[in-house]
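For reference, the structure is listed below as structure tokens.
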Amino acid sequence: MSHYWSAVVHGLTPYVPGEQPKLANLVKLNTNENPYGPSPKVLEAVRAEAADTLRLYPDPNSDRLRAGIAAYHGVAADQVFVGNGSDEVLAHAFVALLKHDKPILFPDITYSFYPVYCGLYEIAHRGIPLTDSFEIRVDDYLVPNGGVIFPNPNAPTGRLLALGEVERLLAGTPDSVVVIDEAYIDFGGESAMGLIARYPQLLVVRTLSKSHALAGLRVGYAIGQPHLIEALNRVKDSFNSYPLDRFAQAGALASMEDHTYFEEICAKVARTRTRLVADMEALGFEVLPSGANFILARHPAHEGAELAARLRERSIIVRHFRKPARIEPFLRITIGTDAQCDTLVEALKALC
Ligand SMILES: *Cc1c(COP(=O)(O)O)cnc(C)c1O
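Counting in the numbering used here, the sequence shown runs from 189 upward without gaps.
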């Protein structure tokens with residue numbers, strides 16, 4: 189019955205999210221969630237919203253939340269855009285800022301939602317190969333383009349691009365928008381936020397899903413100069429005026445205000461990452477340097493798909509990508525608690 193479909197739907201290749209198995213007692217290291225819960229203040233704020241006021245629409249512009257985000261980053265509220273997860277913020281950025289005649293550029297190995305949005309919104313794009321060591325080479329992006337987008341640290345490689353290189357990219361591409369997706373920056377990288385005042389084409393995107401342990405609340409945001417934010421608002425108000433419900437606005441604000449809490453859990457995850465990398469290297473794994481809450485690792489003697497299947501038999505779920513071919517031998521492993529990572533290492537000892 190697909191003749192009922194719009195023409196664009198026939199050509200879509202949708203994003204495939206990591207599995208959310210319904211089983212209990214899994215060691216779930218496949219979707220980069222935070223192993224720690226959110227701040228108790230977030231839970232309190234969310235509970236307080238379970239009230240008669242739910243009959244009323246939420247604030248369409250999330251003013252209090254945007255003020256809280258602006259205060260945390262030291263910018264003005266009109267430099268902040270919020271959305272239903274950073275996926276929605278990114279989607280709006282593709283339509284609002286990255287749809288031009290020239291193709292946009294992003295790494296050939298990167299967040300697989302980017303090509304999906306290009307398909308949905310019919311945006312020309314070109315994948316720029318990472319180096320042999322899976323790094324972004326800025327010079328490759330200093331060519332005529334309709335925009336540039338990549339995560340920093342990149343996903344699923346975990347590799348960080350130094351802030352000086354981000355700035356060199358901005359200095360070299362004054363005429364097109366550069367979107368830096370900082371979904372994982374709180375786990376140890378240097379943010380590009382400080383460059384926003386000097387670069388009118390820079391949009392920095394964040395999510396509360398990973399570092400704030402709020403994947404279930406669906407809140408993301410973007411910061412840039414007001415002219416970029418206005419473009420995002422025009423798209424938002426042509427799509428859904430109320431993207432954040434009352435729970436999301438209240439919980440996210442409490443999380444931004446209790447920033448020492450999420451900064452601490454991020455530091456804890458980063459310490460566990462150091463331990464896990466050492467343990468896996470001792471087992472013979474090659475682990476890419478990671479600035480994120482996950483690592484990309486391969487074993488010279490074992491296939492990625494095979495290892496993922498054997499781990500699953502032991503109730504440990506990690507992510508394996510069949511494509512692109514260059515990462516096919518690797519496993520992407522989310523950093524869990526120390527105990528979860530120890531369970532993983534014990535299982536790998538038996539398998540490798
Ligand atoms: C997880 C992730 C997102 C999406 O985050 P949500 O806010 O949960 O939609 C965006 N970009 C990258 C690179 C991610 O890994």
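A virtual CB, placed ideally from N, CA and C, is assigned to each residue, including glycine.
Residue from the options whose Cα sits closest to the Cα of residue i
i              : options                           : result
proline 205    : Ala264, Val506, Leu499 and Glu474 : Val506
glycine 439    : Ile417, Pro341, Lys229 and Thr395 : Lys229
proline 202    : Val366, Cys306 and Leu351         : Cys306
asparagine 470 : Gly334, Leu244 and Val533         : The amino acid occupying residue 470 in the given sequence is alanine; asparagine does not appear at that position. That would be Val533, whose Cα lies nearest to the Cα of alanine 470.
valine 407     : Asp425, Gln437, Pro248 and Val423 : Gln437
lysine 456     : Asn481, Ala350 and Asn342         : Asn481
isoleucine 523 : Lys511, Ile504, Ala513 and Ser429 : Ile504
histidine 415  : Ile316, Ala343 and Pro388         : Pro388
leucine 278    : Asp289, Val304, Ile297 and Leu358 : Val304
proline 344    : Phe322, Val331, Asp266 and Val365 : Phe322
leucine 253    : Ala264, Ala195 and Arg243         : Ala264
cysteine 378   : Gly352, Leu217, Tyr309 and Asp425 : This sequence places glutamate at residue 378; cysteine is not what is there. Checked all of Gly352, Leu217, Tyr309 and Asp425; the closest Cα to glutamate 378 is Gly352.
arginine 502   : Leu217, Asp275 and Trp193         : Leu217
lysine 424     : His280, Gly273 and Ala233         : His280
alanine 359    : Pro341, Asp289 and Val326         : Val326
valine 283     : Phe427, Arg314 and Gly382         : Phe427
alanine 419    : Asn222, Ser300, Phe269 and Pro248 : Phe269
6 Å Cβ shell around residue i - same chain, five flanking residues per side excluded
i                 : result
phenylalanine 509 : Ile515
threonine 219     : Gly206
cysteine 454      : Asp374, Phe375 and Ser399
methionine 544    : Any property of residue 544 remains undetermined from this structure, which presents the chain solely from 189 to 540.
threonine 531     : Val215
Residues near residue i in its chain [Cβ-Cβ closer than 7 Å; skip 5 each side]
i              : result
isoleucine 337 : Leu286, Ile292, Phe294, Tyr302, Val367 and Asp369
alanine 256    : A small fix is needed here, since residue 256 is glycine in this sequence, not alanine. For glycine 256, where only same-chain residues beyond five positions count, the Cβ hits under 7 Å are Leu441, Met444 and Glu445.
Residues near residue i by beta carbon distance below 8 Å, same chain, minus five either side
i             : result
histidine 490 : Leu539 and Cys540
aspartate 433 : Pro246
leucine 555   : Given that the chain is displayed from residue 189 to residue 540, the structure contains no residue 555 and the question cannot be resolved.
Identity of the residues DSSP links to residue i by a beta bridge
i              : result
histidine 313  : Ile292
isoleucine 324 : Note: isoleucine 324 sits in no beta bridge, so no partner.
### Those runs of the beta strand (DSSP E) which lie wholly inside the region 208 to 293 and span at least 3 residues
215 to 217 and 268 to 271
Self-check item: Under 5 Å, CB to nearest heavy atom of ligand 1: contacting residues
Solution: Gly273, Ser274, Asp275, Tyr299, Pro339, Ala343, Asp369, Ala371, Thr395, Ser397 and Gly408
- Can you list, in chain order, the stretches of the alpha helix (DSSP H) that have 4 or more residues and sit fully within the region 468 to 523? 492 to 501
task = Please list the segments of the beta strand (DSSP E) lying wholly inside the region 361 to 442, counting only runs of 3 or more residues, in order along the chain.
result = 366 to 369, 390 to 395 and 408 to 411
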